[in-house]
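Chains as they are written, first to last, in the numbering used here: chain A, 3 to 293; chain B, 638 to 996; chain C, 6 to 297.
Just so you know, even glycine gets a beta-carbon here, dropped at the ideal spot from N, CA and C.
Here the structure is a predicted model, which means the values were calculated and not measured.
Data first, discussion second: the structure below is written as structure tokens.
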Amino acid sequence: MSTPVGRSLGWYRVPVVVVAILASLLLIVPFLILVATSWTGGSFILFPPEGFSLQWYTEVLTDSRWMESFRLSLWTATVSTAIATVLGTLGALGLTRVRSRLAQRWIRTLFIVPIALPPIAYAVGLYGVNMDLGFLRGTLVTLIIGHALVALPYVFVIVSGGIARIDPALRPAARTLGARWPLILWKIELPALVPYLLSGALFAFVVVFDEVVLAVFLMPPGEQTLPLRMLNASQEAFSPELTAASTLVSILAILVLAVIPLSNAVRRRRARRAASARPAERTPALEGVTP
Amino acid sequence: MAGFIRVRRAAMAGIALTLVTALAAGCAGSDDTASAGASGGSDLSGEIIFADYGGPTNESRQAAYFDGFQDETGVEVVSVAIEDAIYMGMLDGEDGDYDVFQSSAAETLTHTDNLLELPEEMRGDLLPEELRPYVVGGFVFGIAQGWLTDTFPDGGPQTWADFFDTEAFPGTRAWPGAPGSFDASYEIALLADGVAPDDLYPLDIPRAEAKLDTIRDDLVFYQAYPEVQQLLVSGSAAIAVTVTGQYTALMNAGEDVTIQWNEAFVVPSGFAFPAVSGNPDAVTALAGWMNDPERQADFTERTLYGPVNSEVFDHIPEDVAANVVNSPEHEDQVLHWDNQWRGENYEDLLTAYTAWLAG
Amino acid sequence: MTTPGTAMPRARGIAPVRRPPGTTAAESRWLLWPPLVFFALALGFPLVTLVIQSLEGGGSAYIDALDVPAFAGSLMRTVVMAVVVMVLTMVLGTAYGLAVVASPAWLRFALLAALILSLWTSIMVRSFGWMLLELPRGAIYWFLGLFGLADEPIELYQTTLGMYPAMVAVMLPFAVLPVMSALQSLDREQLNAATIFGAGPLLTFRAVTWPQILPSVLSGGVLVFVMSLGFYVTPLLLGGPGNMTVSGVINAQMNQANRPDIGAAMSILLVGGTMIVYLIADRLFRVSEKWG
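Right, here's the structure in full:
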């Protein structure tokens with residue numbers, strides 16, 4: 003197998019991969035069950051499904067309310083995620099500048115409070131604020147802020163995990179060379195953090211996209227986010243609309259996922275072609291000596 | 638089924654329209670200045686924020702009541718998904734978004750200080766006397782046992798005592814399992830234990846729990862009412878105890894369901910009209926609109942929820958009435974619970990039931 | 006109970022005095038202040054509302070909260086549950102992350118797809134999928150029936166055993182992605198060097214790979230533990246009401262009981278308890294030194 007990590011695991015790779023495949027069953031099997039229920043010809047979410055029909059997809063796709071909800075969820079979640087990503091990354095970076103262990107410990111703890119706080123309690127608190135400040139009523143401001151706060155810890159925790167792996171000698175070195183802190187941040191720290199930042203942002207987005215408790219409290223009347231719409235579809239009857247809508251979201255996600263590696267592969271192939279044009283330039287120093 | 642879909646389409650169109658107008662109103666400025674739309678010469682304006690539990694019942698309301706009301710008065714009825722903590726606060730007199738919201742009889746009765754009263758002619762005469770002034774858009778559901786008819790070809794359980802008899806009627810029972818949702822659990826257990834319907838209150842909670850413990854291993858708990866449909870249809874539960882709306886949903890989906898009306902509980906429900914409501918004139922008009930026997934008959938046919946206006950039974954066919962809990966033909970079989978007592982002891986009931994669930 | 010509101014000024018008071026070498030005041034101001042101000046606004050206000058609400062009856066809500074019979078038991082149960090889920094998820098998540106990086110392209114794509122698909126399905130819908138799977142005559146029963154293996158309905162639904170797989174599945178992505186991020190930026194030269202100098206797979210893993218992914222494993226673990234404290238519907242639905250968590254009790258108080266003061270008091274106890282547990286764990290296992 004090709005990757006260095008794979009090689010370094012030697013024969014232990016086999017049990018690791020087997021465990022992972024078993025774990026992936028935990029993820030994929032319920033998903034497949036749900037997909038199967040969405041093509042039922044009946045009106046229940048039931049497994050095995052009764053017959054085959056795409057009526058529930060038609061129902062969702064032709065219903066402007068589902069589409070409206072999807073768009074609304076998409077943009078509110080994007081805004082909240084953007085806020086959470088910027089502030090969470092700043093927080094994680096800023097924390098490394100704090101010398102006192104005690105202060106660090108407290109700030110770090112503070113940053114995970116939003117996940118520990120039961121959503122219902124936070125929602126009641128925010129609703130109270132919304133009621134007290136009249137100008138916020140009927141707007142999405144409180145919801146977006148609340149979602150950003152809920153999402154922030156995910157970015158913070160994961161980016162912190164990434165910062166721990168930056169070579170601590172880099173910063174002083176750059177400083178000695180006369181770089182000021184914004185330049186160090188931009189050229190050294192942020193590039194190293196990009197993968198963490200992205201996975202943090204992904205979690206943030208997914209959590210906010212699925213959040214329903216704050217939405218019930220804070221959505222202006224007449225508008226519904228996707229999870230609210232789903233909640234509505236699950237009142238009184240679990241309509242297959244629910245699993246059809248959910249499957250559509252997943253298909254969209256998998257398409258996006260498929261596009262990224264493909265574009266990566268294209269880029270890599272181009273890079274390889276460019277590299278093969280001048281082979282002497284970049285010979286892996288140690289690769290050749292591997293026994 | 639086709640009728641059901643037609644209803645959905647109409648409801649969708651209605652809601653889509655509402656959405657568009659609401660958006661336009663939102664762009665125009667604050668809620669107060671929202672345009673009244675094409676008003677038919679009435680003095681009413683604005684919108685009504687109507688909080689219920691959504692789903693097919695809401696769509697039926699939209700079709701049976703709201704669409705016509707909107708055409709007639711120009712007042713938009715904007716449905717929102719109700720959040721318990723918000724309406725509970727409003728019952729206590731706090732500020733909130735809803736103009737009118739769903740509330741149980743027990744809650745309504747214990748918070749009448751913060752509610753507005755309706756004019757005499759808009760009150761539902763099938764509601765309990767003390768409740769009538771405070772209920773907008775009343776409806777009646779039942780809490781009953783039910784099963785897929787072919788589960789017990791020779792006839793299923795007749796009484797609550799039969800329900801507890803797992804020898805005669807084997808199989809798992811679906812039972813309410815969400816923290817705090819005690820429904821009729823204690824009443825049912827006491828009736829099964831031999832307490833006469835007239836002697837139920839005050840409820841003997843320890844005795845009821847002891848009775849419930851005897852079949853705990855045969856219960857499967859649902860967190861939300863619709864799970865009942867999956868439990869019954871998949872054969873994972875033989876009998877269910879739940880709100881009758883769930884059996885209606887199963888029938889609408891083409892299942893053959895038997896509802897045991899004997900010893901079923903009649904539960905009046907409806908919407909509370911808070912003193913802090915933002916558009917009281919429009920809500921009052923809506924209350925009158927919803928008490929009209931023909932419109933209520935339409936709603937009853939769509940949902941099989943019982944009416945609160947006795948004239949409705951003149952407008953619905955026999956076979957519909959047979960599936961309505963408070964129809965005259967069930968009168969000798971069904972039971973009524975004590976809303977006042979339940980309201981006053983709500984917190985104890987809730988805490989006790991949650992603790993019993995948690996084991 | 007120390008609330009974050011009182012914790013922040015203290016933190017600020019210490020921070021500017023002794024700064025790591027090469028850090029300017031402007032730097033920490035620009036980096037740390039925006040999130041702290043945001044916290045003060047977005048968390049501070051509602052939290053203060055909550056504290057006021059919980060103190061409305063002069064603190065009696067805290068006594069009432071402890072008197073609610075289901076509260077203390079569910080609190081213990083929730084902590085145990087969160088620890089079990091955290092340990093299971095960290096082990097499986099690390100293996101999963103390693104497997105993604107160590108697999109050929111097709112398997113890597115399949116593993117990633119499973120991760121993403123599940124992450125993009127609403128948790129409510131996913132719990133429902135597990136219900137369909139575990140029902141006595143659900144999908145597992147149906148599947149076994151295909152091979153003639155199912156005579157009796159499956160007894161898994163609403164048992165403690167039936168609840169953990171679903172909970173681990175919900176949390177797994179949160180443990181896998183950090184590990185994957187770390188593995189992808191692993192120093193390959195070190196791995197190659199270890200191999201050249203004759204280190205076996207175990208030694209290479211222990212000496213090179215593990216120390217480099219440990220911070221991410223821990224940060225995933227922290228996330229999973231704290232998130233697991235908030236489990237509500239999944240254990241109730243799949244584990245049965247006997248597995249009621251503290252969130253279930255809080256919801257019942259806030260939603261059905263119309264006792265927001267008790268709900269608020271319980272929430273504050275939960276947040277405070279989480280912070281204390283976390284601070285102790287931090288002290289004992291030096292979690293933050295590894296991921297900060």
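By DSSP, does residue 156 of chain C sit in helix, in strand, or in coil?
coil
What residues of chain A sit near residue 61 of chain C, judged by a beta carbon separation below 9 Å?
Near residue 61 of chain C there are no residues of chain A at all, since even the closest Cβ is about 12 Å away, more than 9 Å.
Cβ of residue 50 of chain C within 7 Å of any heavy atom in the ligand ADP?
This structure lacks the ligand ADP; in fact it carries no ligand of any kind.
Output the residue ranges of the alpha helix (DSSP H) runs that lie fully inside the segment 799 to 869 of chain B and measure 4 residues or longer, sorted by chain position.
822 to 829, 842 to 850
If we cut at 8 Å on Cβ distances, does residue 202 of chain C have a partner in chain A?
no
Starting from the beta carbon of residue 692 of chain B, find every residue of chain A whose beta carbon is closer than 7 Å, and list them in chain order.
234, 237, 238, 239
Option nearest residue 982 of chain B by Cα separation, candidates C/97, C/262, C/158
C/262
Going along the chain, which residues of the segment 226 to 252 of chain C sit with their C-beta nearer than 7 Å to a C-beta in chain B?
238, 241, 242, 245, 246, 247, 249
Inter-stretch contact at 8 Å, needing at least 3 Cβ pairs: the segment 138 to 155 of chain A / the segment 38 to 48 of chain C
yes
Note down, in chain order, each residue of its chain lying with its Cβ closer than 6 Å to the Cβ of residue 105 of chain C, except the 5 sequence neighbours on either side.
113, 116, 185
Which same chain residues, not among the five before or five after residue 806 of chain B, have their C-beta less than 8 Å away from its C-beta?
789, 793, 794, 799, 800, 875, 876
Over the uninterrupted alpha helix (DSSP H) stretch that includes residue 597 of chain B, give me the two end residues.
Any answer about residue 597 of chain B is impossible in this case: the structure gives chain B only from 638 up to 996.
Give the secondary structure of residue 141 of chain C by DSSP, where H, G and I count as helix, E and B as strand, and everything else as coil.
coil
C-beta contact flag for residue 732 of chain B and residue 913 of chain B at 8 Å
yes
Cβ-Cβ distance between residue 894 of chain B and residue 879 of chain B below 8 Å
no
Would you tell me roughly how many angstroms separate the C-alpha atoms of residue 192 of chain C and residue 165 of chain A, rounded to the nearest one?
15 Å
CB-CB under 7 Å to residue 767 of chain B, same chain, minus the five flanking residues each way: which ones, in chain order?
746
Residue range of the unbroken alpha helix (DSSP H) whose run includes residue 713 of chain B
Segment 713 to 718 is the beta strand (DSSP E) holding residue 713 of chain B; no alpha helix (DSSP H) there.
Collapsed DSSP secondary structure at residue 102 of chain A in the structure displayed:
coil
Taking Cβ to Cβ, would you say residue 826 of chain B is nearer than 8 Å to residue 849 of chain B?
yes
Between the alpha carbons of residue 712 of chain B and residue 206 of chain A, how many angstroms are there, rounded?
40 Å
Residue 758 of chain B (DSSP reduced to helix, strand or coil):
helix
Residue-chain proximity (residue 261 of chain C, chain A), Cβ-Cβ < 8 Å
no
Could you check if residue 283 of chain C is buried or exposed, using at least 16 other CB atoms within 10 Å of its CB as the buried criterion?
buried
For the segment 167 to 174 of chain A against the segment 143 to 155 of chain C, do three or more pairs of beta-carbon atoms, one drawn from each stretch, fall closer than 8 Å, so that the two count as touching?
no
What are the boundary residues of the alpha helix (DSSP H) that residue 889 of chain B is part of?
881 to 889
Interface residues of chain C facing residue 994 of chain B [CB-CB closer than 7 Å]
246, 249
Buried or exposed: where does residue 756 of chain B fall if 16 or more other Cβ atoms within 10 Å of its Cβ makes it buried?
exposed
Given a limit of 9 Å on CB to CB distance, which residues of the segment 29 to 53 of chain A reach chain B?
44, 45, 46, 47, 48, 49
Residues near residue 222 of chain A in its chain [Cβ-Cβ closer than 6 Å; skip 5 each side]:
140
Which partner residues does residue 781 of chain B have in the DSSP bridge list?
B/879
Listing by chain order, which chain C residues have their CB less than 8 Å from the CB of residue 988 of chain B?
73, 74, 75, 262
Assuming residue 749 of chain B contacts residue 724 of chain B (C-beta within less than 8 Å), just tell me the rounded distance between them.
In fact, because the Cβ distance is near 15 Å, the residues do not count as touching under 8 Å.
Tell me, please, whether the CB atom of residue 33 of chain C is closer than 8 Å to any CB atom in chain A?
yes
Using a Cβ-Cβ distance cut-off of 8 Å, determine whether residue 69 of chain A contacts chain B.
no
Apply the 10 Å Cβ neighbour rule to residue 851 of chain B and answer buried if 16 or more other Cβ atoms are within range, or exposed otherwise.
exposed
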